[in-house]
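According to our numbering, the sequence shown holds residues 412 to 795 in order.
Here a beta-carbon is modelled for each residue, glycine too, at the ideal position from N, C-alpha and C.
Values in this document were obtained by computation on a predicted structure and should not be read as measured data.
Notes to accompany the following structure.
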Amino acid sequence: MSSQAHEHQPLGGRVLTLPFLICAALVAVAGVILFQRYTQGLAAASNLNDGYPWGIWVAIDVVIGSAFGCAGYVIALLCYILNRGEYHPLVRPAVLASLFGYGLAGLAVLVDLGRYWNFYHMMLPWYAQPNSVMLEVGLCVATYTLVLVVEFAPAFLERFGIEGLRAKLNKVLWVFIALGVLLPTMHQSSLGTMMVIVGHKLSPLWQSQMLPVFFLLTAILMGFAIVVWESVMASLNFRRPMETPVLSKLSGLMLVVASLFVVLRFVDLIVRGQIGQIFGGPQSGWFVVEMALMISGLVLLIPKANRNRSRALFLAASLLLAAGILYRLNVYLIGFTPAVGPWHYFPSVKEIMVTVGVFALEIALYLLFVKKLPVMHAVHPEHG
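Shown next as structure tokens:
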């Protein structure tokens with residue numbers, strides 16, 4: 412591989428564009444709501460209750476948001492562990508997406524915690540419950556966020572010309588890359604384990620001992636889909652050449668993972684004797700939509716011609732991403748029913764605006780970073 416393939420450059424251009432300002436306004440609205448949440452309590456800004464202690468701040472911002480952050484995980488796995496160097500141009504944008512996904516997921520946890528001032532207790536051994544899967548998730552997510560900071564640090568060092576430190580960091584970066592593959596494998600599967608323990612409160616359409624496997628598969632699939640989605644959107648909005656050749660290879664892996672997920676889902680339902688729930692269960696409609704999105708995405712990728720067309724790739728990635736989002740939402744919210752009490756939950760407008768603000772902050776920071784830091788691979792005249 413030529414050295415040019417490893418060059419990166421800032422995109423340049425104005426930061427204060429209309430999309431950036433819209434995102435900044437949404438972040439400001441979320442900030443006002445968060446001030447109210449921290450000064451007046453959770454009830455002032457959310458519809459959380461004893462039956463539904465977790466709402467969209469956990470289900471969307473953390474569980475789904477961290478899956479968005481698996482772009483760096485899957486590309487690091489391919490590029491550095493499986494030695495597929497052709498994916499190297501995708502590494503920095505993917506790591507940046509992961510950094511924002513996990514960093515803001517951690518922020519969302521602090522928003523959702525009732526006694527947020529005690530968040531550091533999970534770091535103290537005398538408070539630890541070693542059998543707690545939630546402790547494992549918390550420690551892994553916190554550690555992985557720090558790992559992502561280190562993995563993205565070369566872009567900062569390159570931008571400000573600190574080459575000595577950058578060279579030293581590159582010598583030990585392999586350690587952080589290894590951790591960056593290990594940690595998401597652990598905590599993404601553990602996000603599924605957390606819902607295994609709720610037992611019959613989760614619909615039999617989703618309650619399964621296979622939840623850790625399904626959550627790991629959706630994390631990998633959503634990571635691939637985010638890479639495709641981000642690449643196509645960046646090419647369109649920043650007038651860069653499409654990266655269709657490398658995305659085409661990536662789409663073949665998406666097809667394999669999506670197919671494996673669908674087969675295992677139906678085998679699991681059959682083995683557990685719950686296949687009939689598809690046709691008459693109270694939440695069967697959500698299952699049908701989830702599987703329809705997943706199957707539509709993978710069917711779209713079956714023809715090789717579609718895998719070489721950027722529009723088809725983008726549509727397939729969008730369908731698979733939507734399927735992964737809905738699967739995780741089904742497990743954490745839609746398929747969940749409290750054991751006792753007439754509890755109901757629908758997010759308040761303020762909850763929704765905080766979640767919108769979290770994702771708006773991610774988009775705004777992405778726009779800032781790609782314009783000011785060497786994130787995107789350099790485009791040379793011979794390549795367009």
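- If you look at Asn648, you'll find it in the alpha helix (DSSP H) that goes Leu622 to Asn648.
- By the Cβ rule, the stretch 771-784 counts as touching the stretch 425-438, because three or more pairs are nearer than 8 Å.
- If you draw a straight line from the Cα of Leu680 to the Cα of Ala539, it comes to about 36 Å.
- Pairing Val522 with Arg448 gives a Cβ-Cβ distance under 8 Å.
- Of the candidates Gly512, Val561 and Gln599, the residue whose Cα lies closest to the Cα of Lys582 is Val561.
- In the structure shown, Phe757 falls within a coil segment according to DSSP collapsed to helix, strand and coil.
- By the 16-neighbour rule on beta-carbons within 10 angstroms, Thr450 is exposed.
- Linking Phe649 to Pro785 through their CA atoms gives a straight-line distance of about 14 Å.
- Exclusion of the five residues before and after Val548 leaves His598, Ser601, Leu602 and Met605 as the residues of its chain whose Cβ lies within less than 8 Å of its Cβ.
- Exposure of Asn494 is indicated by the presence of fewer than 16 other C-beta atoms within 10 angstroms of its C-beta.
- The continuous alpha helix (DSSP H) containing Val699 extends over residues Ser695 to Leu712.
- Closest by C-alpha distance to Val673, out of Tyr738, Trp585 and Tyr498, is Tyr738.
- If you draw a 10 Å sphere on the C-beta of Leu779, you find fewer than 16 other C-beta atoms in it, and that means exposed.
- Shown here for Leu622: same chain residues with a beta carbon closer than 8 Å to its own, the five before and five after excluded, namely Gly603, Thr604, Met606, Val607 and Val742 in chain order.
- The C-beta distance from Ile713 to Ile475 rounds to 26 Å, too long to meet the 8 Å contact threshold.
- Taking C-alpha positions only, Val544 is separated from Gly512 by approximately 21 Å.
- Residue burial annotation: Gly746 is buried, with at least 16 other C-beta atoms found within 10 angstroms of its C-beta.
- The Cβ atoms of Ser642 and Leu501 sit closer than 8 Å to each other.
- DSSP, read as helix, strand or coil, puts Met545 in helix.
- Looking only at Val520, Glu654 and Pro565, the smallest Cα-Cα distance to Leu546 is reached by Val520.
- Burial check for Ala508: the Cβ neighbour count within 10 Å reaches 16 or more, so the residue is buried.
- When secondary structure is reduced to three states using DSSP, Phe571 falls in the coil class, being assigned neither helix nor strand.
- Look at Gln688 here: in three-state DSSP terms it is helix.
- Taking the CA atoms as reference points, Thr629 sits about 8 Å from Ala478.
- Of the residues Ile763, Ala733 and Leu594, the one whose Cα lies closest to the Cα of Ala487 is Leu594.
- In the DSSP assignment, Cys434 falls within the alpha helix (DSSP H) that extends over Leu429 to Gln451.
- Assignment of beta-bridge partners to Gln420 by DSSP yields Met787.
- Around the beta-carbon of Lys715, fewer than 16 other beta-carbon atoms lie within 10 Å, marking it exposed.
- Three or more beta-carbon pairs drawn from the stretch 724-732 and the stretch 697-714 are found closer than 8 Å, and the two stretches are therefore classed as touching.
- Around the beta-carbon of Arg718, 16 or more other beta-carbon atoms lie within 10 Å, marking it buried.
- For Lys660, the uninterrupted alpha helix (DSSP H) run begins and ends at Thr655 to Val682, by DSSP.
- Under DSSP, no beta-bridge partner is assigned to Leu493.
- In the three-state reduction of the DSSP assignment, Leu584 falls in the helix class, which pools H, G and I.
- When DSSP reads this structure, Leu613 sits in a beta bridge with Phe747.
- Residue state for Lys715 is assigned as coil, using DSSP reduced to three classes.
- The beta carbon of His788 lies closer than 6 Å to those of His419 and Pro500 in the same chain, with the five residues before and after it left out.
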